[in-house]
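**Student:**
In my numbering, the protein residues as written are 14 to 140.
Take a look at the structure:
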């Protein structure tokens, strides 16, 4: 996300916060002439400088437990943030959207429209 400058093309309630965090992450972890090959050192860098941004299919979660609506995020369980069934993307202030996220939403809308046109019942998730 940061290496392709995709953080500058985010939208949604948490877009500005995501861009700020990723910009800071890029500044702190800038290439300084050596490549980190030690797993422990890399984990230490990531733990220290983790921007807490979790891309998913439909949203990009910009984790802030104070704003989180899902119990998973409030409790600090980061795995799967951005792609889990408790996510409330239309109401949560931790949501930022990439172009890929909005394309996924458009795909779902097209699928629902097709099902409605055919007179098929619409089911949550996929038809």
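Even glycine gets a Cβ: it sits at the ideal position worked out from N, Cα and C.
Computed from a prediction, not measured in an experiment: that's the story for all the values here.
Going by DSSP, what residue range makes up the beta strand (DSSP E) through residue 73?
**Tutor:** Residues 73–75.
**Student:** What is the C-beta distance between residue 35 and residue 66, in whole angstroms, given that I count them as a contact (C-beta under 8 Å)?
**Tutor:** Indeed they touch by this definition, with Cβ atoms about 7 Å apart.
**Student:** Which residues mark the beginning and the end of the beta strand (DSSP E) in which residue 68 is found?
**Tutor:** Residues 66–68.
**Student:** By the three-class DSSP mapping on this structure, what secondary structure does residue 31 have?
**Tutor:** It is helical.
**Student:** Can you look up residue 148 in the DSSP assignment and give me helix, strand or coil?
**Tutor:** Because the chain is modelled from 14 through 140, residue 148 falls outside the range shown and cannot be assessed.
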